[in-house]
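Sequence lines, in order, name chains A and B. If you're matching positions, the first sequence starts at 135 in the working numbering and goes up one per residue. If you're matching positions, the second sequence starts at 3 in the working numbering and goes up one per residue. Okay, structure first, notes after.
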Amino acid sequence: MVTPHAAGQPVLELTGIGKEFGAIRALHGVDMQVFPGEVVGLMGDNGAGKSTLVKIIAGNFRPSHGEIRFAGNAVHFSRPIDARAVGIEVVYQDLALADNLTAAANVFLGRELKRKVGPFTLLDHKAMAARALELFGELRSETRPHDLVKQMSGGQRQAVAIARTRLSNAKLVMMDEPTAAISVRQVEQVLGLIHRLKEQGVAVMLISHRMPDVFAVCDRVVVMRRGEKRADKAVGDTSPEEVTSLITGAKEAA
Amino acid sequence: MATPLESPITFTNVSKAKWWQSGFFASQTGYVLLALVVLFVVMNFASPYFLTEGNIQNVAKNFSFIAIAALGVTFIIITGGIDLSVGSMMCFSAMITSMVMTGLSTPGMPGASWFVHLAADGKTVVANVPGLILLISVLSGLGVALIVGLVNGFCIAVLGLSPFVTTLGMLSIVRGLCYVVSNGRGSFPGGPDADYFYALTSGNVLGMPAPFIYLVILAIAMGIVLHHSSFGRHVFALGGNEKAAELTGIPVVRVKIEVYVIGALAAGLQGIIISGWLGSAPANMATSYELNVIAAAVIGGANLAGGLGGPLGAIVGCVLLEVIRNGLVLAQVNSYWQQTLVGVIIILAVLVDRVRSRMA
Numbered sequence: 135m136v137t138p139h140a141a142g143q144p145v146l147e148l149t150g151i152g153k154e155f156g157a158i159r160a161l162h163g164v165d166m167q168v169f170p171g172e173v174v175g176l177m178g179d180n181g182a183g184k185s186t187l188v189k190i191i192a193g194n195f196r197p198s199h200g201e202i203r204f205a206g207n208a209v210h211f212s213r214p215i216d217a218r219a220v221g222i223e224v225v226y227q228d229l230a231l232a233d234n235l236t237a238a239a240n241v242f243l244g245r246e247l248k249r250k251v252g253p254f255t256l257l258d259h260k261a262m263a264a265r266a267l268e269l270f271g272e273l274r275s276e277t278r279p280h281d282l283v284k285q286m287s288g289g290q291r292q293a294v295a296i297a298r299t300r301l302s303n304a305k306l307v308m309m310d311e312p313t314a315a316i317s318v319r320q321v322e323q324v325l326g327l328i329h330r331l332k333e334q335g336v337a338v339m340l341i342s343h344r345m346p347d348v349f350a351v352c353d354r355v356v357v358m359r360r361g362e363k364r365a366d367k368a369v370g371d372t373s374p375e376e377v378t379s380l381i382t383g384a385k386e387a388a
Numbered sequence: 003m004a005t006p007l008e009s010p011i012t013f014t015n016v017s018k019a020k021w022w023q024s025g026f027f028a029s030q031t032g033y034v035l036l037a038l039v040v041l042f043v044v045m046n047f048a049s050p051y052f053l054t055e056g057n058i059q060n061v062a063k064n065f066s067f068i069a070i071a072a073l074g075v076t077f078i079i080i081t082g083g084i085d086l087s088v089g090s091m092m093c094f095s096a097m098i099t100s101m102v103m104t105g106l107s108t109p110g111m112p113g114a115s116w117f118v119h120l121a122a123d124g125k126t127v128v129a130n131v132p133g134l135i136l137l138i139s140v141l142s143g144l145g146v147a148l149i150v151g152l153v154n155g156f157c158i159a160v161l162g163l164s165p166f167v168t169t170l171g172m173l174s175i176v177r178g179l180c181y182v183v184s185n186g187r188g189s190f191p192g193g194p195d196a197d198y199f200y201a202l203t204s205g206n207v208l209g210m211p212a213p214f215i216y217l218v219i220l221a222i223a224m225g226i227v228l229h230h231s232s233f234g235r236h237v238f239a240l241g242g243n244e245k246a247a248e249l250t251g252i253p254v255v256r257v258k259i260e261v262y263v264i265g266a267l268a269a270g271l272q273g274i275i276i277s278g279w280l281g282s283a284p285a286n287m288a289t290s291y292e293l294n295v296i297a298a299a300v301i302g303g304a305n306l307a308g309g310l311g312g313p314l315g316a317i318v319g320c321v322l323l324e325v326i327r328n329g330l331v332l333a334q335v336n337s338y339w340q341q342t343l344v345g346v347i348i349i350l351a352v353l354v355d356r357v358r359s360r361m362a
């Protein structure tokens with residue numbers, strides 16, 4: 135297995151990240167690095183701090199302590215849009231798609247391509263459909279830009295949500311439980327999509343409860359428990375059994 | 003649009019939907035339009051008067067009287083909201099318009115000297131600049147609509163109140179204001195510009211009623227805005243999945259306020275046009291019109307859950323309601339049956355759509 139650690143600078147670097155909500159300490163002293171083209175699995179039980187960590191990186195929350203460096207620069211996000219501006223994209227668990235719109239419309243939602251017609255600025259349907267088709271092609275997903283999302287399978291929906299992150303050439307894509315609610319065949323498709331992102335040098339952070347998926351696509355697995363990072367290992371150096379005991383607390387740290 | 007030939011994807015197990023299973027032909031608007039055509043044919047055989055020029059003109063005029071407001075409400079319904087205050091809004095705008103028009107045309111009223119003077123006979127009032135009073139009074143009528151729309155939008159988008167409750171309250175507030183400003187008596191468009199006013203609201207242009215022409219222009223504009231501008235795209239996205247709209251960076255608050263303003267302005271314009279046809283703006287004008295307007299939009303395929311709807315549907319809904327009303331009159335059916343039938347049609351239209359989506 136190629137470990138990209140040696141290959142230069144991390145795209146995301148967290149140092150001593152902590153977060154308190156009133157008296158509750160949700161995160162404490164989390165250090166973490168993610169490199170370009172690397173897939174990192176983020177695992178942990180409910181309440182372990184995974185979502186809080188993701189929300190801090192995505193700009194939903196500000197950390198109480200610590201520093202985030204992205205592509206070498208210290209960054210401070212106050213809104214999700216700030217995180218997106220530097221190249222961090224999130225694929226949400228419920229995918230954040232509008233069912234009543236087409237695949238192409240969803241990919242470009244909030245960043246529509248436009249053209250000038252006389253004094254008016256209108257949507258450029260043709261250019262958006264062509265670019266969306268290109269993106270679905272890169273992801274090798276059989277999705278038509280003009281089909282409504284309402285009529286699509288779970289795998290196709292994932293492709294639409296992921297294509298959206300490709301639009302801006304994101305450097306880091308965080309995926310929240312992408313395989314939680316879909317069929318076995320579609321899980322294969324989604325894992326395939328993650329491989330496509332990796333091939334293109336994008337760093338992927340996969341938040342999942344499903345051990346087989348994490349071991350199938352990830353280069354490295356990070357385990358959280360009670361707001362702290364308990365393990366950070368290459369998948370080759372660990373086993374599903376060890377990760378399970380780290381998640382449950384049977385083993386304190388590794 | 004067809005997939006380009008140099009498509010990088012080959013579709014092996016995802017077949018393309020047949021033309022009659024997608025788009026307009028599979029929509030509720032399509033079915034209702036078909037029902038409308040059938041109704042026209044039936045009416046033509048049932049009554050020799052139905053397709054006469056006079057009757058068709060009459061129908062066109064009558065449905066135009068609710069259709070412009072229906073266009074505005076359709077915007078709101080697409081975002082998943084509702085506006086119950088359109089009936090009161092029609093009355094309030096009409097009332098303010100005719101009160102301003104009368105006030106500015108009465109020598110002696112504050113500010114009126116800028117607009118009118120008395121002719122040599124000491125009785126006839128003459129406008130200093132023809133049409134200026136009309137312009138200002140219509141703008142003030144639309145101005146109050148704008149304010150009410152902003153208040154609706156602010157309460158719903160910023161304060162997070164439910165659209166139903168907010169606009170139900172606004173229905174009562176605005177109707178109350180109508181009675182307050184007029185002292186319950188109603189008002190009449192008057193002064194030297196009143197003739198222009200009547201010509202523009204209830205006159206004919208090229209043999210077509212003027213309101214019908216406004217309706218066609220506004221409907222085309224609305225179609226372009228909904229399907230070819232990013233604002234329209236955001237309106238649909240908001241109705242489809244509000245959370246997704248927010249996460250993708252759509253200015254949800256702004257879009258929501260804008261649709262309520264559009265709804266109020268459309269209702270205001272509609273009210274002003276109706277008052278021109280009535281020749282007055284009584285304080286009980288357009289009472290319960292909100293139900294007709296919303297019914298028309300829903301019959302035409304706008305989904306109250308949000309995400310679906312368009313100008314054609316709103317108009318088709320209005321035409322259907324008006325043709326049925328007209329048909330019942332021509333067939334000499336007791337006109338009290340009208341409301342009952344309208345209710346049946348609302349339920350039928352939604353039912354047909356439900357059955358179809360079950361089958362698909």
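Glycine is no exception: its CB is placed at the ideal position from the N, C-alpha and C atoms.
For the stretch 359 to 384 of chain A, the set of positions with a beta-carbon nearer than 9 Å to some beta-carbon of chain B is empty. Residue-level contact check: F77/B does not touch chain A, since none of the beta carbons of chain A fall below 8 Å from its beta carbon. Judged by pairs of C-beta atoms under 8 Å, the stretch 231 to 240 of chain A does not touch the stretch 321 to 330 of chain A, as fewer than three such pairs exist.
In this structure, the CA atom of N180/A is about 55 Å from the CA atom of Q341/B. Chain-order list of chain B residues neighbouring A297/A: empty, with the shortest C-beta distance near 12 Å, by a criterion of under 7 Å. Taking a cut-off of 8 Å for Cβ pairs, the stretch 73 to 82 of chain B and the stretch 124 to 139 of chain B do not touch, as fewer than three such pairs fall below it. The continuous alpha helix (DSSP H) containing L179/B extends over residues P165 to S184.
In the structure shown, E223/A adopts extended strand secondary structure according to DSSP, grouped into three states. Taking the Cα of A304/A as reference, the smallest distance to any Cα among H280/A, V338/A, V283/A and R274/A is reached at V338/A. Nearest CB-CB separation between A232/A and chain B: below the 8 Å threshold.
For R249/A, the enclosing beta strand (DSSP E) has its first and last residue at K248 to V251.
Using beta-carbon distances, K258/B does not count as an interface residue toward chain A, since no partner is under 8 Å.
The C-beta of L310/B comes closer than 8 Å to at least one C-beta of chain A.
When DSSP reads this structure, A337/A sits in a beta bridge with L306/A. Here the stretch 275 to 289 of chain B does not lie against the stretch 204 to 217 of chain A, with fewer than 3 beta-carbon pairs under 8 Å apart.
Rounded to the nearest whole angstrom, the CA to CA distance from I58/B to P211/B is 11 Å. The beta carbon of Y51/B sits closer than 7 Å to the beta carbons of N57 and L332 from its chain, once the five residues preceding and following it are set aside; these are given in chain order.
In the DSSP annotation of this structure, G209/B is not part of any beta strand (DSSP E), being labelled neither H nor E. Within the same chain, Cβ atoms closer than 7 Å to the Cβ of R344/A are found at T313, the five residues on either side in sequence being excluded. Among the CB atoms of chain B, none fall inside 8 Å of the CB of K250/A. Around A388/A, no beta-carbon contact reaches into chain B at under 8 Å, the shortest distance being about 35 Å. When only Cα atoms are considered, L322/B and A221/B end up about 17 Å apart.
Shown here, E172/A sits in coil according to DSSP, grouped into three states, outside any helix or strand. Within the stretch 204 to 290 of chain B, the runs of alpha helix (DSSP H) at least 4 residues long that lie entirely inside it are, in chain order, 212 to 230, 232 to 242, 244 to 249 and 254 to 280. Close partners of R235/B in chain A (Cβ separation under 7 Å): A239, E246 and L257. Per DSSP, the continuous beta strand (DSSP E) segment holding D366/A begins and ends at E362 to A368.
Here the alpha carbon of S49/B sits roughly 39 Å from the alpha carbon of H229/B. Secondary structure at F77/B: helix, using DSSP grouped into helix, strand and coil. Leaving aside the five residues that flank T277/A on each side, the residues in its chain whose CB is nearer than 6 Å to its CB run, in chain order, A237, F270, Q290 and A293. Interface residue (Cβ-Cβ distance to chain B less than 8 Å): I328/A is not classified as such.
Using a Cβ-Cβ cut-off of 7 Å, S231/B is close to L256 and L257 of chain A, given in chain order. The distance from the Cβ of I326/B to that of I347/B is about 7 Å, consistent with a contact at the 8 Å cut-off.
Between the alpha carbons of R196/A and R218/A lies a distance of about 15 Å.
Listed as beta-bridge partners of V128/B by DSSP are H119/B. Looking only at A223/B, V146/B, L163/B and V335/B, the smallest Cα-Cα distance to F254/A is reached by A223/B.
Between G186/B and W279/B, the alpha-carbon positions lie close to 20 Å from each other.
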